[in-house]
């Protein structure tokens, strides 16, 4: 059973912020939220992860709601190279369980 | 620095042939994972190694699939008597610390670019 729900696709304009939503209403206290992306013909690439605090790194920001039932990945200035499938994953174990992800298309 | 390396990048096999897919993890990474990704879908877990020990093989779809990591570094995924439904991208990933210890959640998996297997 999928632990996360993501929209199947979304478009965003180059240079604008891209906000990718993810619902994980059944998340438990020891489960982390991970984000990966997969550019065409490449393996998944780690982006960011968090437990309950908001996180930021050089690639993106992760905003987790206070009840932890949803989160948003923010790409602050999308470029054409950010076009990819983005996976939101709830992880409490050594495995990563991928869903279908969101296909993000950045348009010039 | 060197990432996870997989070879071959592409493999075409006739139905019934055996294939062997190789994974070179990042040096020093103790955990190694194999995933299968069908066209248009997310990766699906196959098996997990900690050093040379195969601790989880629950995702292997049949007994035709076999994975090994004899010296705790390079791993090979072997598929015997390939079938058309085995056509997929096979991804390998490694991570630098054993899971189930305190900091594992701060250690993401690093993936290779996969081997695309086509069974004709």
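Chains as they are written, first to last, in the numbering used here: chain A, 661 to 768; chain B, 5 to 124. Note that beta-carbon positions come from the ideal geometry of N, C-alpha and C, so glycine has one too. Nothing here was measured: the structure is a model prediction, and the numbers come from that model.
Within chain A, partners of residue i - CB distance below 8 angstroms
| i | result |
| --- | --- |
| residue 114/B | 706 |
| residue 95/B | 703 and 704 |
Proximity of residue i and residue j at Cβ, strictly below 7 angstroms
| i | j | result |
| --- | --- | --- |
| residue 119/B | residue 94/B | yes |
| residue 10/B | residue 27/B | yes |
| residue 767/A | residue 673/A | yes |
| residue 732/A | residue 681/A | yes |
| residue 81/B | residue 99/B | no |
| residue 762/A | residue 746/A | yes |
| residue 83/B | residue 23/B | yes |
Contacting residues, own chain, Cβ-Cβ under 7 angstroms from residue i (five flanking each side not counted)
| i | result |
| --- | --- |
| residue 728/A | 687 and 712 |
| residue 42/B | 92 |
| residue 706/A | 696 |
| residue 671/A | 765 and 767 |
| residue 679/A | 732 and 734 |
For residue i, the nearest candidate out of the options (CA to CA)
| i | options | result |
| --- | --- | --- |
| residue 12/B | 55/B, 18/B and 25/B | 25/B |
| residue 684/A | 697/A, 739/A, 664/A and 752/A | 664/A |
| residue 749/A | 677/A, 671/A and 710/A | 710/A |
| residue 754/A | 111/B, 91/B and 90/B | 111/B |
| residue 154/B | 29/B, 71/B and 23/B | Past the edges of chain B, shown from 5 to 124, lies residue 154/B, and the structure says nothing about it. |
| residue 91/B | 64/B, 74/B and 16/B | 16/B |
| residue 19/B | 98/B, 85/B and 99/B | 85/B |
| residue 633/A | 718/A, 743/A and 701/A | Look at the range of chain A in this structure, 661 to 768, and you will see that residue 633/A is not part of it. |
| residue 34/B | 74/B, 87/B and 122/B | 74/B |
| residue 6/B | 14/B, 21/B, 22/B and 32/B | 32/B |
| residue 89/B | 47/B, 62/B, 8/B and 121/B | 121/B |
Own chain partners of residue i with C-beta closer than 6 angstroms, once the 5 adjacent residues on each side are dropped
| i | result |
| --- | --- |
| residue 752/A | 690 and 691 |
| residue 76/B | 55 and 56 |
| residue 704/A | 696 and 698 |
| residue 52/B | 37, 59 and 60 |
| residue 714/A | 723 |
| residue 14/B | 120 |
| residue 730/A | 683 |
Sequence-distant residues of its chain with Cβ nearer than 8 angstroms to residue i (five each side left out)
| i | result |
| --- | --- |
| residue 677/A | 734, 735, 736, 737 and 738 |
| residue 79/B | 26, 27, 29, 36, 38, 53, 71, 72, 73 and 96 |
Listed by chain order, chain A residues near residue i by CB distance under 7 angstroms
| i | result |
| --- | --- |
| residue 53/B | The premise fails here: residue 53/B is roughly 11 angstroms from chain A at the closest Cβ pair, so nothing lies under 7 angstroms. |
| residue 46/B | 747, 758, 759, 760 and 761 |
Chain-ordered chain A contacts of residue i [CB-CB under 9 angstroms]
| i | result |
| --- | --- |
| residue 43/B | By Cβ distance, chain A contributes nothing, its closest Cβ being about 12 angstroms from residue 43/B, past 9 angstroms. |
| residue 35/B | 754 |
Contacts that residue i makes with chain B (C-beta to C-beta distance below 7 angstroms)
| i | result |
| --- | --- |
| residue 702/A | 117 |
Contact set between residue i and chain B, taken where Cβ atoms lie within less than 9 angstroms
| i | result |
| --- | --- |
| residue 684/A | Chain B residues near residue 684/A: none, gap ~15 angstroms exceeds 9 angstroms. |
### Query
Along the segment 747 to 761 of chain A, what residues have a CB closer than 8 angstroms to any CB found in chain B?
The segment 747 to 761 of chain A vs chain B, Cβ under 8 angstroms: 747, 751, 753, 754, 755, 756, 757, 758, 759, 760 and 761.
### Query
Quick one, which residues of the segment 56 to 90 of chain B are near chain A if we go by CB-CB under 7 angstroms, in chain order?
For chain A, none of the residues of the segment 56 to 90 of chain B brings a beta carbon within less than 7 angstroms of one of its beta carbons.
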